[in-house]
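Asker: Shown below is the structure under consideration.
2 protein chains.
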Amino acid sequence: MGVHINACNKCEIRDTALCSALPEVEADRLHKIAYRRHYPQGKVIFDGGEEPESFAIVISGVVKLVRTKRDGRQQIVGLQFSSDFVGRPFGDLGSLMVEAATDIELCCLTRKPFENLLQQHPILERVLLQRTFDELDAARQWMFVLGRLSARAKVASFLQHVVERSHRVVGKDPVTVCPQQQFELPLSRTETGDYLGLAIETISRQIAQLKTEGIIETVGLRAMRVLDFPRLQAWAENEG
Amino acid sequence: MGVHINACNKCEIRDTALCSALPEVEADRLHKIAYRRHYPQGKVIFDGGEEPESFAIVISGVVKLVRTKRDGRQQIVGLQFSSDFVGRPFGDLGSLMVEAATDIELCCLTRKPFENLLQQHPILERVLLQRTFDELDAARQWMFVLGRLSARAKVASFLQHVVERSHRVVGKDPVTVCPQQQFELPLSRTETGDYLGLAIETISRQIAQLKTEGIIETVGLRAMRVLDFPRLQAWAENEG
DNA sequence: ATTTCCACTTGACCTAGATCAAAGGAGCCG
DNA sequence: CGGCTCCTTTGATCTAGGTCAAGTGGAAAT
């Protein structure tokens, strides 16, 4: 992976994986159609109606992908962290709703120009293909969590996942997780329930339990600290 | 979608979506590196060790994608039916195990030549990208089933899915589901449990229930007939 | 400061589905 | 044909987690 200087605080696309694979000239073209955009927590970015007008890479914050049934029940089918992408070139997102779980910064690529670039530069498309396969892997990983783990293991898996992803930043190599380090929870209890397929009371109880066992420590409602990472991991695997 | 004559019963790749998007000349090149292969039910096609030597499209039968944990618990994270693909060019499948759920025919594309073709013909890569996004959508759809549905709704969803996919055949446009039509169950009860995140006894009871309500009719252990498709669909949505 | 509101927590139940255990049934072999 | 094995069904419990209801606490409004 090449070293990149963040040449532009307007879009920061040079720091993304999409860009880092590219030769300088093509990176420039990508840069020309990129712009940065901020959304406040809770803002719906795309709601399944019309085609979204752009493709985006998450710079900071967390985006949630939600699938809703008419009766109101919803399942969060994905969380996109810093450096993940959102959108589907040459197609639409289906019935997916995209929402800012926290305040977020996106690096947006206007749809048409981005599709043109993809067509002209196969290497770009290659990178996108690989990332899409990675997403698919992650989705399948999560299917295991939903289908086979106990409530406690689900909660532990979730916390582990958030810790690991929160400390990774666009343009930086993955940061080793520093224990004791505080991190933000991107989801409310209700949302966490929708992500894990659990009732909110269950989430609450499991977190309480992890606290009394000295594995985690909460800092207000939306942040916590992991005191015993190995033990958290053990729980995430259903051993206890 | 263009009309294609199955020019080759040796590989049948001309019938696949991968090929149907291509101009004649490139379709020929694809055809040259394709070969057909048969696997008996239960055969492990790829077990997560070394890189698979090829990419494949399912011609007939059902392939299951399994994620296993060291303690033996496993989750079936995907079923690939006729016309679906299996594999990941330019990368590996991760910890996924691929197994023939029924007797299957695959149209295989040797890895290296296929990757070369992909590099030379961006249109091919485009098609693959779209199919990968489709897979991702399907995986997320399934996450909803796993996370939010009751046992009965899971079983109904599963049956519905199998019916719909079973009647679609490589090279043919989707066949409208004909009620009363018999279809094969690609999975044993145990496997169904691993797919739905349920105990096998629960599967058995739910199927029994659907039978006594006159919604389905079993034909031996590995086949059945849907008598009341609308009501099956209603169950799949948790209404009943 | 005090009220209000809302998200979270905690407690007391209760059901869906897991688990355990005991029959069926179907294919296979002698 | 009978006996064996393996898978499935059915029955009887048990329990994790859902549901319902009553607090609690922190932030914004008054």
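Chains X and F, in that order, are what the protein sequence lines are.
1 is the number of the first residue of the first sequence in my numbering; add one for each residue after it.
241 is the number of the first residue of the second sequence in my numbering; add one for each residue after it.
Built from N, CA and C at the ideal position, the CB exists for glycine as well.
Quick check on DSSP: helix, strand or coil for ARG36/X?
Answerer: Position 36 of the first sequence, counted from the start, is the residue given in the question as residue 36/X. ARG36/X: strand per DSSP, three-state reduction.
Asker: Taking 9 Å as the CB-CB cut-off, is LEU196/X touching chain F?
Answerer: By 1-based counting over the first sequence, the position of residue 196/X is 196. Output row for LEU196/X: interface = yes.
Asker: On the three-state DSSP scale, how would you describe LEU22/X?
Answerer: Start at 1 with the first residue of the first sequence, and residue 22/X comes out as number 22. Coil at LEU22/X, not helix or strand.
Asker: Determine the direct distance from the alpha carbon of ARG73/X to that of ALA56/X, and round the result to whole angstroms.
Answerer: Locating residue 56/X in the first sequence gives position 56, where the first residue counts as 1. Locating residue 73/X in the first sequence gives position 73, where the first residue counts as 1. Each residue's Cα considered, the two are about 27 Å apart.
Asker: Threshold first: 3 residues or longer. Then list the beta strand (DSSP E) segments lying entirely within the region 81-131 of chain X, N to C.
Answerer: With a minimum length of 3 residues, the continuous beta strand (DSSP E) runs that stay inside the region 81-131 of chain X are 96-100, 104-110.
Asker: Span of the alpha helix (DSSP H) holding GLU191/X?
Answerer: Start at 1 with the first residue of the first sequence, and residue 191/X comes out as number 191. GLU191/X -> alpha helix (DSSP H) spans 189-196.
Asker: Can you tell me where the beta strand (DSSP E) with SER390/F in it begins and where it stops?
Answerer: By 1-based counting over the second sequence, the position of residue 390/F is 150. Segment: none, SER390/F is in no beta strand (DSSP E) and carries neither H nor E.
Asker: Along the chain, where does the beta strand (DSSP E) containing ARG67/X start, and where does it finish?
Answerer: As a working note, residue 67/X is residue 67 in the first sequence. Segment 63-68, the beta strand (DSSP E) holding ARG67/X.
Asker: To the nearest angstrom, how far is it from the Cα of LYS394/F to the Cα of LYS69/X?
Answerer: The sequence position of residue 394/F within the second sequence is 154, counting from 1. The sequence position of residue 69/X within the first sequence is 69, counting from 1. Going from the Cα of LYS394/F to the Cα of LYS69/X covers about 15 Å.
Asker: At the 9 Å Cβ level, is THR190/X part of the contact set with chain F, yes or no?
Answerer: Within the first sequence, residue 190/X is the residue found at index 190, counting from 1. It does not: the Cβ of THR190/X has no partner Cβ on chain F nearer than 9 Å.
Asker: To be precise: take each residue of the region 122-141 of chain X, compare its Cβ to all Cβ atoms of chain F, and keep it if any distance is under 8 Å. Which residues remain?
Answerer: Correct list: PRO122, GLU125, ARG126, LEU128, LEU129, GLN130, THR132, PHE133, GLU135, LEU136, ASP137, ALA139, ARG140, GLN141.
Asker: Please state whether DSSP places LEU185/X in a helix, a strand or coil.
Answerer: Position 185 of the first sequence, counting from 1, holds the residue named residue 185/X. In this structure, LEU185/X counts as coil in the three-state DSSP scheme.
Asker: Between PHE384/F and chain X, is the shortest Cβ-Cβ distance under 9 Å, so that the two count as touching?
Answerer: Start at 1 with the first residue of the second sequence, and residue 384/F comes out as number 144. For PHE384/F, the answer is yes, since a Cβ of chain X falls inside 9 Å of its Cβ.
Asker: Is GLN41/X helix, strand or coil by DSSP?
Answerer: Taking the first sequence and counting its residues from 1, the one referred to as residue 41/X is at position 41. Of the three classes helix, strand and coil, the one that applies to GLN41/X here is coil, per DSSP.
Asker: So, at 8 Å on beta carbons, what are the nonlocal neighbours of PRO329/F in its own chain, with the 5 sequence-adjacent residues on each side left out?
Answerer: Your numbering for residue 329/F matches position 89 in the second sequence. PHE295, ARG351, PHE354, GLU355, LEU358, LEU368.
Asker: Report buried or exposed for PRO292/F, applying the criterion of at least 16 other Cβ atoms within 10 angstroms of its Cβ.
Answerer: For the purposes of this step, residue 292/F is identified with residue 52 of the second sequence, where counting begins at 1. By the neighbour-count rule (16 or more Cβ atoms within 10 Å), PRO292/F is buried.
Asker: Excluding the five sequence neighbours on either side, which residues of its own chain have a C-beta within less than 6 Å of the C-beta of PHE423/F, listed in chain order?
Answerer: Residue 423/F sits at position 183 when you count from the first residue of the second sequence. For PHE423/F, where only same-chain residues beyond five positions count, the Cβ hits under 6 Å are VAL403, SER406.
Asker: Using a C-beta to C-beta distance shorter than 8 Å, which residues of chain X count as neighbours of GLN473/F?
Answerer: Numbered from its first residue, the second sequence carries residue 473/F at position 233. The contacting residues do not exist; GLN473/F stays about 13 Å from chain X at best.
Asker: Taking any Cβ of chain F, which residues in the region 84-97 of chain X have a Cβ under 7 Å from it, in chain order?
Answerer: Result list: ARG88, PHE90, GLY91, GLY94.
Asker: Just mark ARG222/X as buried or exposed, buried being the case when its beta carbon has 16 or more other beta carbons within 10 Å.
Answerer: For this step, residue 222/X is matched to residue 222 along the first sequence. Per the 10 Å Cβ criterion, exposed.
Asker: Assuming PHE373/F and GLN75/X form a contact by the criterion Cβ under 8 Å, report the distance between their Cβ atoms to the nearest whole angstrom.
Answerer: On the second sequence, residue 373/F is found 133 positions in, with the first residue counted as 1. On the first sequence, residue 75/X is found 75 positions in, with the first residue counted as 1. With a Cβ gap of about 19 Å, PHE373/F and GLN75/X do not count as contacting.
Asker: Just the C-alpha distance for THR202/X and ALA261/F, rounded to the nearest angstrom, thanks.
Answerer: Within the first sequence, residue 202/X is the residue found at index 202, counting from 1. Within the second sequence, residue 261/F is the residue found at index 21, counting from 1. Whole-angstrom Cα-Cα distance: 49 Å.
Asker: Span of the alpha helix (DSSP H) holding ARG231/X?
Answerer: Sequence index remark: in the first sequence, residue 231/X carries index 231 (1-based). Here the alpha helix (DSSP H) through ARG231/X covers 229-236.
Asker: Do GLU345/F and ARG276/F count as a contact pair if the criterion is CB distance below 9 Å?
Answerer: As a first step, residue 276/F is located in the second sequence; it is residue number 36 there, counting from the start. As a first step, residue 345/F is located in the second sequence; it is residue number 105 there, counting from the start. A contact, by the Cβ cut-off of 9 Å.
Asker: By alpha-carbon positions, which one of SER397/F, ILE447/F, LEU427/F ends up nearest to PRO470/F?
Answerer: Within the second sequence, numbered from 1, the residue matching residue 470/F stands at position 230. Among SER397/F, ILE447/F, LEU427/F, the Cα nearest to that of PRO470/F is on SER397/F.
Asker: For ASN478/F, would you say it is in contact with chain X, using Cβ-to-Cβ distances shorter than 9 Å as the test?
Answerer: Stepping through the second sequence from its first residue, residue 478/F is reached at position 238. Taking Cβ atoms only, chain X reaches closer than 9 Å to ASN478/F, which makes this a yes.
Asker: Where does THR176/X fall in DSSP's three states?
Answerer: Here residue 176/X refers to the residue found at position 176 when the first sequence is read from its first residue. DSSP places THR176/X in coil when its eight states are reduced to three.
Asker: Of all the options CYS248/F, VAL265/F, TRP475/F, LYS250/F, which has the alpha carbon lying nearest to the alpha carbon of LEU364/F?
Answerer: By 1-based counting over the second sequence, the position of residue 364/F is 124. It is VAL265/F.
Asker: By the DSSP assignment, the beta strand (DSSP E) with ARG445/F in it spans what residues?
Answerer: Residue mapping note: residue 445/F aligns to position 205 of the second sequence, counting from 1. First-last for ARG445/F: 440-452, but that is the alpha helix (DSSP H), not the beta strand (DSSP E).
Asker: For a contact meaning CB atoms closer than 7 Å, what does ARG313/F contact in chain X?
Answerer: For this step, residue 313/F is matched to residue 73 along the second sequence. What ARG313/F touches in chain X: ARG148.
Asker: Since ARG67/X meets chain F, which of its residues come closer than 7 Å, beta carbon to beta carbon?
Answerer: Numbered from 1 along the first sequence, position 67 holds the residue referred to as residue 67/X. Those are ARG380, PHE384, listed as they occur along chain F.
Asker: Looking at the secondary structure, which residues open and close the beta strand (DSSP E) in which VAL298/F lies?
Answerer: Here residue 298/F corresponds to residue number 58 of the second sequence, with the count starting at 1. Unbroken beta strand (DSSP E) run through VAL298/F: 294-300.
Asker: Taking all protein chains shown into account, do 16 or more other C-beta atoms lie within 10 angstroms of the C-beta of ASP311/F, making it buried, or fewer, making it exposed?
Answerer: What you label residue 311/F is simply residue 71 of the second sequence in a count that begins at 1. The residue is exposed, with fewer than 16 neighbouring Cβ atoms inside 10 Å.
Asker: Using beta-carbon positions only, say whether LEU319/F and ALA341/F come within less than 9 Å of one another.
Answerer: Mapped onto the second sequence, residue 319/F falls at position 79. Mapped onto the second sequence, residue 341/F falls at position 101. In this structure, ALA341/F lies closer than 9 Å to LEU319/F by Cβ.
Asker: Comparing alpha-carbon positions, which option in GLU213/X, ASP194/X, GLY91/X lies nearest GLY48/X?
Answerer: Taking the first sequence and counting its residues from 1, one reaches residue 48/X at position 48. Out of GLU213/X, ASP194/X, GLY91/X, GLY91/X has the C-alpha closest to the C-alpha of GLY48/X.
Asker: Ends of the beta strand (DSSP E) at ILE456/F?
Answerer: On the second sequence, position 216 is the one that residue 456/F refers to. That run of the beta strand (DSSP E) goes 456-458.
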